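J.:
In the UniProt record's numbering, the protein residues as written are 1 to 290.
1. Whose C-alpha, out of 30, 46 and 28, is nearest the C-alpha of residue 19?
2. Could you spell out the range, first to last residue, of the alpha helix (DSSP H) harbouring residue 184?
3. My output table needs one value for residue 38: the three-state DSSP class, helix, strand or coil.
4. Measure the CB-CB distance between residue 194 and residue 250 and report whether it falls below 8 Å.
5. Do residue 7 and residue 79 have their C-beta atoms closer together than 8 Å?
6. Can you tell me the Cα-Cα spacing of residue 9 and residue 87, whole angstroms?
7. On the three-state DSSP scale, how would you describe residue 140?
8. Quick check on residue 30: does DSSP put it in helix, strand or coil?
9. When you compare only the Cα positions, how much space is there between residue 238 and residue 111?
10. Unbroken beta strand (DSSP E) runs of length 3 or more, entirely within the stretch 72-134: which are they?
11. What whole-angstrom Cβ distance do residue 182 and residue 163 have, given they're in contact under 8 Å?
12. Buried or exposed: where does residue 227 fall if 16 or more other Cβ atoms within 10 Å of its Cβ makes it buried?
13. Hey, how far is the Cα of residue 99 from the Cα of residue 5?
14. Thinking C-alpha only, which one of 114, 91 and 65 is nearest residue 82?
15. When the Cα of residue 261 is compared with those of 273, 245 and 275, which residue comes out closest?
16. Short check: CB of residue 84 to CB of residue 137, under 8 Å?
17. Apart from the five residues on each side of it in sequence, which residues of its chain come closer than 8 Å, Cβ to Cβ, to residue 149?
18. Inspect the beta-carbon positions of residue 153 and residue 122 and report whether they are closer than 8 Å.
19. Residue 253 and residue 243 - do their beta-carbons sit closer together than 8 Å?
20. Tell me whether residue 56 sits in a helix, a strand or coil according to DSSP, three-state version.
21. Kindly indicate the opening and closing residues of the alpha helix (DSSP H) around residue 198.
22. What are the boundary residues of the beta strand (DSSP E) that residue 64 is part of?
23. Out of 69, 11 and 156, point me to the one whose CA is closest to residue 3's CA.
24. Bridge partners for residue 25 per DSSP, in chain order?
25. Suppose the cutoff is 8 Å on Cβ atoms and the five residues either side in sequence are ignored; what does the same chain contact list for residue 208 look like?
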């Protein structure tokens, strides 16, 4: 099947709650693409807001290129740059299903850059998790660059013309992934920039320790209790001061507060410098697979 006489639809490479993702080929340009689809009459449409936000973020270093969108019959589609493996997949295939401190801090810097870029454009991601951070395609010269994807649950937290923050809503239905969600969002509170960073903290924590304490728990009330009571200093061990600084900063933020991104970059960068790690050093999966 060929869409708009340009994009050839090949095999399915993913399936979400509301649609499918296909590997495709751009006949005009001669390179692979990704094609997301969703039925027009979908009960909870996500492709339209995703397309809007993807287009709004174009030019960002950690954002996939928007190539086209439209509909065929009763199916909406979005065509974008083809990317590589997710950080979830890469960690899963590591021997101990964890990353070293060196890899985690360098990924943390890139993930934070991606999240900050969204925030600076007035958007919250609201589903920060390892599966939503992917590398560039293996054939791409930017194959070590981390991209943030999947904006179907994203939302503007500020007025896009005045940049004024929206007042928090009294009750918000939960959106996201429970394992990485902030305690506030699990209490059905409105989310802000701090909540995306809470999720990023849990993502980095999992990279270091392999399994979060609530990994196998299904009941939200128990997960919330565990997130509140976990001794993170004990869990991290003695050699992760950066993560404890990150945690302390998150605990100081309220709904309206702007996170101190620059401070977090400095903390992560100083940790790498102390360990004599350079940004171009091999990542864990590059060492393991070689």
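We put the beta carbon where it would ideally sit given N, CA and C, even for glycine. Here the structure is a predicted model, which is why all the values come from computation and not from measurement.
T.: Concretely, from the data shown:
1. Residue 46 is the option with its Cα nearest to residue 19.
2. Per DSSP, residue 184 belongs to the alpha helix (DSSP H) from 183-186.
3. Reduced to three states, the DSSP call for residue 38 is strand.
4. The Cβ atoms of residue 194 and residue 250 sit closer than 8 Å to each other.
5. In this structure, residue 79 lies closer than 8 Å to residue 7 by Cβ.
6. Going by C-alpha positions, residue 9 is about 25 Å away from residue 87.
7. DSSP, read as helix, strand or coil, puts residue 140 in coil.
8. Residue 30: coil per DSSP, three-state reduction.
9. Approximately 24 Å between the Cα atoms of the pair.
10. 75-81 and 83-86, all fully within the stretch 72-134.
11. That pair is no contact at about 23 Å.
12. Residue 227 comes out buried.
13. Their backbone Cα atoms lie some 43 Å apart in a straight line.
14. If we check each option's Cα against that of residue 82, 65 comes out closest.
15. Among 273, 245 and 275, the Cα nearest to that of residue 261 is on 245.
16. Contact flag set, yes.
17. Result list for residue 149: 64, 83, 132, 133 and 134, in chain order.
18. Contact: no.
19. At the C-beta level, residue 243 and residue 253 stay beyond 8 Å of one another.
20. If DSSP states are grouped into helix, strand and coil, residue 56 belongs with the helices.
21. Start and end: 193-209.
22. Secondary structure note for residue 64: it is in no beta strand (DSSP E), with a DSSP letter that is neither H nor E.
23. Nearest option by C-alpha distance: 69.
24. In the DSSP assignment, residue 25 is bridged to 8 and 32.
25. 98, 99, 101, 104, 236, 240 and 243, listed in sequence order.
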